[in-house]
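In UniProt numbering, the protein residues as written are 1 to 334. Read through the structure below, which is laid out as structure tokens, and then see the notes.
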Ligand SMILES: [Zn+2]
Ligand SMILES: [Zn+2]
């Protein structure tokens with residue numbers, strides 16, 4: 001099969017991914033092989049390819065990146081009974097977990113210390129075929145194309161996990177800071193809780209996107225046009241904008257006792273305990289939450305904004321992402 005292989009990290013401008021012919025994967029008893037229909041291009045792929053996460057990620061070289069993978073089952077292991085050749089499935093970044101630790105037993109398998117990450121600890125979806133653990137492959141709703149479905153498997157589950165941690169109830173107000181690949185899904189899911197969604201983004205294009213997707217209103221951060229949320233106005237804030245200033249903005253707009261959910265690693269600054277705000281990190285989500293995301297999309301309550309490119313252009317697409325030229329989610333099609 002053809003795969004975009006990372007043999008050595010480097011700046012994306014040096015085209016570190018090379019399209020090579022590699023051996024087709026073969027499934028063990030509990031595994032399946034997926035003929036990849038589409039694979040989303042994530043900023044974390046860019047970090048890994050450029051070497052930002054060395055020495056831990058990738059776990060080994062060469063590796064095939066890509067962790068938002070959908071396609072058709074092309075072969076199944078001898079012990080697989082719930083999937084068959086021809087089924088349409090997807091795989092999220094959590095490729096497999098141990099299944100027996102305190103996290104796996106308490107619905108928080110995304111925190112499993114033995115977790116395998118698609119395209120980071122083992123080969124991912126920038127390829128014609130990918131191996132998957134059958135218990136971690138999700139049947140795709142019939143009414144979703146591969147290109148529409150792929151972004152549900154990282155931005156979708158990431159957004160869902162973060163909204164669930166905001167504990168929103170109908171009538172509350174939530175600020176969503178950052179309207180990119182994840183943020184545009186956070187807005188839709190937060191609106192489904194019945195909360196009023198207020199989007200904060202520096203981009204005037206994204207301001208329009210936010211309101212189109214159900215935000216009550218959208219704002220630029222304080223200082224850029226004078227268009228901003230008032231202090232202590234929100235019950236919660238969800239931050240996917242990659243800047244410490246965004247966290248400071250979230251702290252300012254959330255009322256005492258409110259919740260701030262961080263989907264990106266940031267400096268929180270001094271936390272005023274007298275205001276009893278809760279700051280919580282969020283990463284991905286468990287398998288049931290992934291199924292919930294697919295149900296929402298199947299019911300037309302969640303849509304992904306995507307642009308499609310051939311697999312051979314993986315380097316170029318990652319370069320566009322680095323340059324901020326991708327509007328929502330880029331998807332590679334083998
Ligand atoms: Zn991702
Ligand atoms: Zn575990």
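Ideal Cβ placement from N, Cα and C applies to all residues, glycine included. Predicted model, so just to flag it, every value in this text is computed and none were measured.
With a threshold of 16 other beta carbon atoms within 10 Å, residue 34 meets it and is buried. Residue range 146 to 149 is occupied by the alpha helix (DSSP H) that includes residue 147. Within the stretch 208 to 288, the complete beta strand (DSSP E) runs of at least 3 residues fall at 217 to 219, 234 to 239, 254 to 262 and 278 to 281. Contact between residue 157 and residue 293 holds, with the beta-carbon distance rounding to 6 Å and staying under 8 Å. For the pair residue 126 and residue 187, the CB atoms are not nearer than the 8 Å cut-off. In this model, residue 44 and residue 316 are separated by some 16 Å (Cα to Cα). Annotated three-state conformation of residue 101 is coil, per DSSP.
When secondary structure is reduced to three states using DSSP, residue 64 falls in the coil class, being assigned neither helix nor strand.
Sequence-distant Cβ neighbours of residue 301 in its own chain, meaning closer than 8 Å and more than five residues away, are 188 and 192.
Secondary structure remark: continuous alpha helix (DSSP H) runs of at least 4 residues inside the stretch 93 to 181, in chain order: 102 to 105, 146 to 149 and 155 to 165. If you draw a 10 Å sphere on the C-beta of residue 291, you find fewer than 16 other C-beta atoms in it, and that means exposed.
Residue 57 has its CB no nearer than 7 Å to any heavy atom of ligand 2. Residue 12 is bridged by DSSP to nothing; it lacks a bridge partner. The beta carbon of residue 18 sits closer than 6 Å to those of 5, all from its chain and outside the five residues before and after it, given in chain order. About 15 Å separates the beta carbons of residue 195 and residue 177, which is beyond the 8 Å limit, so they are not a contact pair. Judged by pairs of C-beta atoms under 8 Å, the stretch 107 to 116 does not touch the stretch 68 to 86, as fewer than three such pairs exist. Proximity of the stretch 81 to 100 to the stretch 128 to 146 meets the contact definition, three or more beta-carbon pairs being nearer than 8 Å. A Cβ-Cβ distance of about 6 Å is found for the pair residue 11 and residue 50, placing them in contact under the 8 Å criterion. Taking 8 Å as the cut-off, the Cβ atoms of residue 277 and residue 254 count as close. Taking the Cα of residue 272 as reference, the smallest distance to any Cα among 95, 97 and 252 is reached at 252. Of the residues 131, 151, 249 and 288, the one whose Cα lies closest to the Cα of residue 110 is 288.
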